[in-house]
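Visitor: Sharing a structure, written as structure tokens. Questions coming.
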Amino acid sequence: MTLSFSPSRTLELRPYQVEALAAWESASRRGVIVLATGSGKTVVGARAIADVAERTLILVPTIDLLKQWERALQDAIGAGPDHVKLGFPGDDGSTQLRLLPWEPTDILISTYSGATRHLDQLHHFGLLIFDEAHHLPAPIFKTIAERASAPYRLGLTATPSRYDGAERDLLTLIGPVVFQRDAGELSKHYLAPHSISRVLVDLEPDERVLYERGWQQYINYVRKARLRMPQGYSQLIKRAGRDGAAKKALEGHREARETALSARAKVAAVKRILDGHPDERALVFCQHVALARRIGERLGLPVITHETPRAARALALDAFRDGEAPVLVATSILDEGVDVPDASVGIVVSGTAQARQFVQRLGRIMRPAPGKEARLYEIVTRDTLEERTAKRRRAATNAKVSTPAR
């Protein structure tokens, strides 16, 4: 299973990358490395391939990451087209690449979903690299690690946490967390210094009526059923399938949540923030497509969502990279798996309570540059459940937020 070429080692690693690889080596080359977004996890993975020098399978969650890894392997260890292939035999990816079943390959890059269709081919690899490793514990994907015989395994992620708590399965599927550095630690030397500010907005009177109606419908049921949150929310979902009152409570929660997340005052708040950074690139993050489109239409900004065709998405990112469109509005499509050009301002208009999403959005603006200071703004609707959501995601990441502002 040894590589048929000698990987280059000319790329100089940063000290924390050297430490991370040393920790992985000490753990018998099995474990998870947790590094902030933008800190060079791909470079660490490439050097691991050079160190192990065995046939390698790299697993990624999105097609966009296939090409990103291909470029990174060329730059980091000199692995060109003769040694790197995209997709398993017969896969119909957008890259239109094929690999015959009997053709040996040194490094194969595949999506997680692609690998699940070729479990019988996993024995060809001595090293498995799981990019965005928090995806692996999903029931449909964990079979990849369970069926593979590779003695060496490396997980890479900005945060291993999952909403369902299944990150504990990474211990058996890959190995323990062997090294961890968050954005706060790396910003001292390797990432741009940053600040996080909370901007509070208010619901308009008609929005407040909708919010309170939905919230009371939800909270009255929760209290009557004595459900304890947040664990009780999954129980509410299960009950909604057979209990009409539970279904109405769930609908009420959804109405309240969407009203808070999509408050009309948020559009004006986005404009005020952007006006304060006229010469900087900014990313505007939204949870829902409708809100992203509303901001784009009102402020005349380009928008990309999961519904945006791949070619149009690439054009929008190129325009952002070139400075033709210095502000880009996006849904969760930019949270991971897309090579996002450098920005110094991030505006979270709406999001989830997940620490992973918050860490990834912060990481999008922290790539270092001379004199750069990254600024992340959270727009939060006052006196709504969104305040608790924002508090939970910040607490999970130990993020320090400045005094709330209007």
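Here our numbering = 1-based position in the sequence shown + 719.
We put the CB at the ideal spot given by N, CA and C, even for glycine.
Owing to the predicted nature of the structure, the values given are computational and were not obtained by experimental measurement.
With H, G and I counted as helix, E and B as strand and the rest as coil, what does DSSP make of Q936?
Guide: Q936: helix per DSSP, three-state reduction.
Visitor: Here's the rule I'm using: 16 or more other beta-carbon atoms within 10 Å means buried, otherwise exposed. How should K957 be labelled?
Guide: Looking at its Cβ environment, which holds fewer than 16 other Cβ atoms inside 10 Å, K957 is exposed.
Visitor: Less than 8 Å between the beta carbons of L1047 and L980, yes or no?
Guide: Not closer than 8 Å, so no.
Visitor: Report the residue from L855, L1104 and E851 whose alpha carbon sits nearest the alpha carbon of R973.
Guide: That would be L1104, whose Cα lies nearest to the Cα of R973.
Visitor: Just to confirm before moving on: does the CB-CB distance between L827 and F849 stay below 8 Å?
Guide: No, Cβ-Cβ distance for L827 and F849 is not below 8 Å.
Visitor: Just to confirm the assignment: which complete alpha helix (DSSP H) runs, minimum length 4, are found wholly within the region 903-967?
Guide: The region 903-967 contains these whole alpha helix (DSSP H) runs: 924-944 and 951-959.
Visitor: So I796 and A772 are in contact, right, with Cβ under 8 Å, and what is the actual spacing, rounded?
Guide: Contact doesn't hold; Cβ gap of about 10 Å is too wide.
Visitor: Label K943 either buried or exposed according to how many other C-beta atoms from any shown protein chain fall within 10 Å of its C-beta, with 16 as the threshold for buried.
Guide: Exposed, by the Cβ-count rule.
Visitor: If you count every other CB in all the chains shown that lies within 10 Å of the CB of P858, and 16 or more means buried, which is it?
Guide: With fewer than 16 Cβ atoms within 10 Å of its Cβ, P858 is classed as exposed.
Visitor: Alpha carbon to alpha carbon, how far is Q793 from S953? Give it in angstroms, no decimals.
Guide: Their backbone Cα atoms lie some 45 Å apart in a straight line.
Visitor: Residues in the same chain with beta-carbon distance under 8 Å from V989, minus the five sequence neighbours each way, listed in chain order, please.
Guide: Same-chain partners within the cutoff: V1003, I1014, L1018, I1066, V1068 and I1098.
Visitor: Output the distance between the C-alpha atoms of I938 and R961, rounded to the nearest integer angstrom.
Guide: Near 19 Å, if we compare the C-alpha coordinates of R961 and I938.
Visitor: To which residues of the same chain is I1144 closer than 6 Å at the C-beta, ignoring the five residues directly before and after it?
Guide: Residue 1144 is absent from the model: the chain starts at 720 and stops at 1125.
Visitor: Whose CA, out of Y871, T721, H837 and S723, lies closest to the CA of S745?
Guide: It is Y871.
Visitor: Do the region 726-742 and the region 893-913 make contact, defined as three or more Cβ pairs closer than 8 Å?
Guide: The region 726-742, when compared against the region 893-913, does touch it at the 8 Å Cβ threshold.
Visitor: Does DSSP put G1065 in a helix, in a strand, or in coil?
Guide: G1065 falls in the strand class under three-state DSSP.
Visitor: Among all the DSSP beta bridges, which residues are the ones paired with V1059?
Guide: According to DSSP, which records beta bridges pairwise, V1059 is partnered with nothing at all.
Visitor: Which residues bound the alpha helix (DSSP H) around I992?
Guide: Residues A984 to D994.
Visitor: Suppose only complete runs of 4+ residues qualify. What are the alpha helix (DSSP H) ranges in the region 1001-1086, listed by chain order?
Guide: Runs of the alpha helix (DSSP H) inside the region 1001-1086: 1008-1018, 1029-1041 and 1074-1082.
Visitor: Between the alpha carbons of G951 and P856, how many angstroms are there, rounded?
Guide: The alpha-carbon atoms of G951 and P856 are separated by roughly 22 Å.
Visitor: Assign L778 to one of two classes, buried (16 or more other C-beta atoms within 10 Å of its C-beta) or exposed (fewer than that).
Guide: L778 comes out buried.
Visitor: Could you pull out every residue in the same chain whose Cβ sits closer than 6 Å to the Cβ of R866, ignoring the five residues on either side in sequence?
Guide: L838 and L841, listed in sequence order.
Visitor: Express the C-alpha separation of R887 and E1092 in angstroms, rounding to a whole number.
Guide: So the two alpha carbons sit approximately 35 Å from each other.
Visitor: Does the Cβ of H1025 have 16 or more other Cβ atoms within 10 Å, making it buried, or fewer, making it exposed?
Guide: Exposed, since its Cβ has fewer than 16 Cβ neighbours within 10 Å.
Visitor: Please report the straight-line C-alpha distance between I836 and T824, rounded to a whole angstrom.
Guide: Per the sequence shown, residue 836 should be read as Arg rather than Ile. Between R836 and T824, the C-alpha separation is close to 18 Å.
Visitor: Would you tell me roughly how many angstroms separate the C-alpha atoms of S813 and R1032, rounded to the nearest one?
Guide: The pLDDT assigned to S813 is 41, lower than 50, so where the model puts this residue is not dependable, and the model offers no usable value.
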